[in-house]
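The opening residue of the sequence shown carries number 519 in the numbering used here; numbering runs sequentially from there.
For each residue, glycine too, the CB sits at the ideal point set by N, CA and C.
Please read the structure below before turning to the comments.
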Amino acid sequence: MAKRNYQNVVVGLDVGSTKVVSAAAQLGLDGSVNVLGISEVPSAGLRKGNIIDIENAAGAIDNCLNELERLCGISIASARVGFSGGNVATLANRAVVAVGNPASEIVREDVERVMRAAKMIAIPPDRSIIHLLPRQFIVDGYEGVADAVGMVGSRLEVEVVLVTATTTAVQNLVKSVDRTGLKVKQLTLNPLLVAKSVLSPAEKEMGVVLVDIGGGTTDVSIYEKGSLVFTSILPVGGEYITRDLAVGLRTTLDEADRIKETHGCAWVEMARDDVMTDVANINGKEVRQVSEKMVASIIQPRVEEILELIQSELFRAGMIGIPPGGLVLTGGTSNLKGITRVVEEYLHIPSRIGLPENTTVLDNELRQAQYSAVLGALLYDMKSATSDTVMDHELLGNWLGRMIYWFRDLFR
């Protein structure tokens, strides 16, 4: 296929434990996001969100990118890459600086100084800061300032959330992508990408729990007052359900995954006894029939076990009561019929399925929960498609380089 001369094209890449997904979009001058295509291939070299074989992981990433280039008729040089692994943790911190020229207004250099000060916190030597997220700025005691640049004051404070991950996990992901020849435009935590895609500003402002159940991991995040305040990544996901289904039905993982997708139900009371599906045995020589209710009787306990882990994370985060925005569930496992009912019964939190809604131009067939992260990566670049910024990968690059990129995102 001949390459098309698209302008302002951005690319997102989501490297998961069970699949690699990439997407490309053309950004319009009016702010529209026209998705050109999505490519999805089986993953390799990953386990529970972490790279365990760089060559195999790079091969899967390369296959996915080549398919996207063929599908869209474009050449891909760089992409925003989602990150979901490395024992992610959050830390809260606060910093204060004197404004450089109190007689004048606060300038960007003042904000950069206070953010650098907020970053000065002791973390273990095997971890790296991957995000520094401001919750609010405080100018001369006045709280709730979203953007301090241009305000007048002599004292500038900031409250931040730092997101850290194991350095080796981040390096191995970046190295796997580098092997394909692709430049990592920016490494971004998956919950931030997903939130761009499925959460409304009102939900993030009022308070909401975001749960993304992928193949090998489950991302749990809490948003309050418009900002991410907590996130963690659990080493369990849809693969856990598939494996138990394979054992319970005495079949292969591929067959169990097919049945989960076509007849999976997370709420036994919703499943039917009279709806049957064929199941091949492990060697594929015999086929028998099982009911949808039997399939659900295997799936529901596994979903409840995942919810128990999610509940523990919410307790650890200190969440009290029910957030006004409830719980938004996304990721491939959220496609299970009846899963919101299980969430509401088990966690006692109103829930909904989060589908990509914030892209302007998107075919309905692509508006699926399993694409929330990769489509969110496109949205992150809505106003920066022409940038040439590429992260330096020497231990994630120097701090100043990452801060410059981060500030461009903050003030755009």
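Out of curiosity, what's the CA-to-CA distance linking I828 and I556? Spanning the two alpha carbons is a distance of roughly 30 Å.
Other residues of its chain near S869: CB distance less than 6 Å, five sequence neighbours each side excluded: Cβ neighbours of S869 beyond the five flanking positions: G844, L845, L847, T858, V861, E862.
Using the Cβ count rule (16 or more neighbours within 10 Å means buried), how would you classify L583? Classification for L583: buried.
Tell me, please, whether the region 625-637 touches the region 725-742 by the rule of three or more beta-carbon pairs shorter than 8 Å. Contact between the region 625-637 and the region 725-742 is absent, because fewer than three Cβ pairs lie under 8 Å.
My parser needs the beta strand (DSSP E) runs of 3 or more residues fully inside the region 748-802; what are they? With a minimum length of 3 residues, the continuous beta strand (DSSP E) runs that stay inside the region 748-802 are 794-798.
May I ask you to verify whether the region 763-770 touches the region 746-753, counting CB pairs closer than 8 Å and requiring at least 3? No, because fewer than three Cβ pairs between the region 763-770 and the region 746-753 fall closer than 8 Å, the two stretches do not touch.
What is the C-beta distance between V716 and G872, in whole angstroms, given that I count them as a contact (C-beta under 8 Å)? That belief holds up - the Cβ atoms of V716 and G872 are roughly 3 Å apart, short of 8 Å.
Which residue wins for smallest C-alpha separation from S694, given the options E831, G577, L825? Answer by Cα proximity: G577.
Buried or exposed: N708, going by 16 or more other Cβ atoms within 10 Å of its Cβ? Flag for N708 reads buried.
Determine contact between the region 527-537 and the region 884-894, defined as no fewer than three beta-carbon pairs at a distance below 8 Å. Contact check between the region 527-537 and the region 884-894: three or more CB pairs, one atom from each, fall below 8 Å, which counts as touching.
In chain order, what residues of the same chain lie with their CB nearer than 6 Å to the CB of S905, ignoring the 5 residues before and after it? Its pLDDT being 37, under 50, S905 is placed unreliably in this model, and the value from its coordinates should be taken loosely. Counting only Cβ-Cβ distances below 6 Å, and skipping sequence neighbours, we find nothing.
Given P642, which residues of its chain have a CB within under 8 Å of its CB, disregarding the five upstream and five downstream residues? Excluding positions up to five away in sequence, the list is empty.
What's the gap between the Cα of R820 and the Cα of P753? Taking the straight line joining both Cα atoms gives about 14 Å.
Start-to-end residues for the alpha helix (DSSP H) that takes in A576: DSSP places A576 inside the alpha helix (DSSP H), whose first and last residues are 572-590.
Specify whether the region 656-664 and the region 536-549 touch according to this definition: at least 3 beta carbon pairs, one from each stretch, less than 8 Å apart. Touching, no.
Length-filtered (3 minimum) beta strand (DSSP E) runs lying within the region 585-646: Segments of the beta strand (DSSP E) lying fully in the region 585-646: 596-601, 607-616.
What does the alpha-carbon distance come out to for the pair V729 and G850? Computed Cα separation, rounded: 11 Å.
Can the beta-carbon of I624 be found less than 8 Å from the beta-carbon of A664? Not in contact: I624 and A664 (Cβ atoms no closer than 8 Å).
Taking the beta carbon of D644 as the centre, do at least 16 other beta carbons fall within 10 Å, making it buried, or is it exposed? So D644 ends up on the exposed side.
Give the secondary structure of V539 by DSSP, where H, G and I count as helix, E and B as strand, and everything else as coil. In the structure shown, V539 sits in a strand (DSSP, three-state: E or B).
Measuring CA to CA, which of D628, Y758, Q544 is closest to C590? Per the Cα distances, Q544.
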